[in-house]
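First residue of the sequence shown: 64, per our numbering; consecutive thereafter.
Comments concern the structure below.
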Amino acid sequence: MIDKENIRLMFAERLHAALDSKGIRQHGRGADIIQQLKSKGVVKTAQAVSKWLNGAALPELDSLTVLSEWLGVRREWLEHGVMPVFPSQTLSQPHYEDAGNVSQIASNMARVPLISWVQAGSWSEVSSSVESVHAEQWLPCPAAISKSGYALRVVGDSMTNYGPGKSYPAGCIIFVDPELATNNGDRVIASIPSSNEATFKVLVEDAGKHYLKPINPQYPIIEITEDMQICGKVVGAFMPE
C-alpha cells in the first residue's frame with residue numbers, strides 16, 4: 064500500500080514535470096500558479112501552493128481542474144498518475160468484456176532507452192542520436208520527457224529510504240531527462256571522474272556549495288566539484304513486481 068506521504072510526493076513530481084514540460088520558470092513558479100488560479104477565480108495562498116510543490120499537501124478539485132487545463136495534461140494523470148498524460152493521447156488497447164479492476168494503458172507514451180550506468184555518465188555525447196544507442200530495452204515513460212530522455216535500473220541501496228518517504232530501492236526503474244534544469248532537492252544523475260559509472264543522488268545546496276546526497280544516511284555525501292557533471296533530472300520512477 065502506498066502511504067499518504069508518498070502519494071503527496073508523487074503528485075508533486077507530476078506537477079513539477081508538467082510545469083517543466085510547459086516551460087514554466089523554476090524559481091517563482093508558485094507565484095505563476097497563484098496568478099493562473101486567480102485568473103480562473105480560484106484563490107489560494109502562497110503557503111498552500113508551496114505545499115503542493117513540496118509534496119506536503121494535495122490541491123482540491125477546483126485547483127486541480129485549473130492546473131490541468133493550464134498545463135495541458137489530464138486531471139486524472141495530474142491527480143492520481145492515471146495514464147495517458149495528455150488529452151490528445153488515446154487508448155488503443157483492445158476492449159475486454161471482463162476487465163475487472165484492470166484499466167487500459169496508453170500505448171503512445173514516449174519510449175526511452177534503458178541504458179547502463181556507464182552509458183549515463185557520457186550521455187551528453189550520444190543523446191543527439193538516441194535511436195542508434197545500444198539499449199537493454201525501450202520503455203514507455205509515465206511522465207513528460209524530452210526526446211533525449213533515458214531510463215536506468217537502480218542498483219544498491221544508497222537511495223533506499225528504510226523509513227517513511229520517497230524511496231528508490233534496487234531494481235526500481237527511474238526515468239531521466241537531461242534537458243531539464245535542476246534545483247535544490249531534485250533527484251539527479253551525475254558523472255564522477257573517479258568512477259566510470261554515473262551516480263543517482265539528491266542535489267543539495269548549502270552555504271553556496273552543491274552536494275550529492277544519498278537518501279540512505281549510511282552512505283557519504285559527495286561535494287560537487289568542477290570536474291563533475293549533472294547528467295539529468297529524474298522525472299519519474301517505476302517499481303516492477
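Cβ coordinates follow ideal geometry from the N, Cα and C atoms, glycine included.
Please report how far the alpha carbon of residue i lies from the alpha carbon of residue j, in whole angstroms.
i	j	result
glycine 135	proline 150	7 Å
proline 147	valine 298	16 Å
alanine 109	phenylalanine 74	18 Å
lysine 296	asparagine 246	9 Å
serine 84	leucine 266	20 Å
glutamate 242	alanine 173	15 Å
alanine 120	valine 112	9 Å
isoleucine 285	lysine 272	11 Å
tryptophan 115	arginine 71	8 Å
aspartate 240	proline 176	12 Å
proline 303	arginine 92	33 Å
glutamate 76	aspartate 249	10 Å
isoleucine 255	serine 230	23 Å
leucine 141	threonine 128	9 Å
leucine 306	isoleucine 96	Since the first residue shown for the chain is 64 and the last is 304, residue 306 is missing from the structure and cannot be characterised.
Would you call residue i buried or exposed, if buried means 16 or more other Cβ atoms sit within 10 Å of its Cβ?
i	result
tryptophan 186	buried
serine 102	exposed
isoleucine 252	buried
glycine 184	buried
methionine 222	buried
lysine 210	exposed
alanine 244	exposed
proline 227	exposed
threonine 262	buried
glutamine 182	buried
alanine 94	exposed
alanine 206	buried
Which class does residue i belong to by DSSP, given the choice of helix, strand or coil?
i	result
glutamine 292	strand
alanine 173	coil
valine 136	coil
threonine 128	helix
serine 254	strand
glutamine 110	helix
leucine 275	strand
leucine 121	coil
If I follow the unbroken alpha helix (DSSP H) through residue i, where does it start and stop?
i	result
aspartate 83	67-85
lysine 101	92-102
valine 181	180-184
If I follow the unbroken beta strand (DSSP E) through residue i, where does it start and stop?
i	result
tyrosine 213	213-216
isoleucine 236	236-240
valine 145	Where valine 145 is concerned, there is no enclosing beta strand (DSSP E), given that its DSSP letter is neither H nor E.
glutamate 268	261-269
proline 203	200-203
Check the Cβ-Cβ distances between residue i and every residue of chain C, and say whether any is below 8 Å.
i	result
alanine 207	Looking for chain C here will not work: only one protein chain is present.
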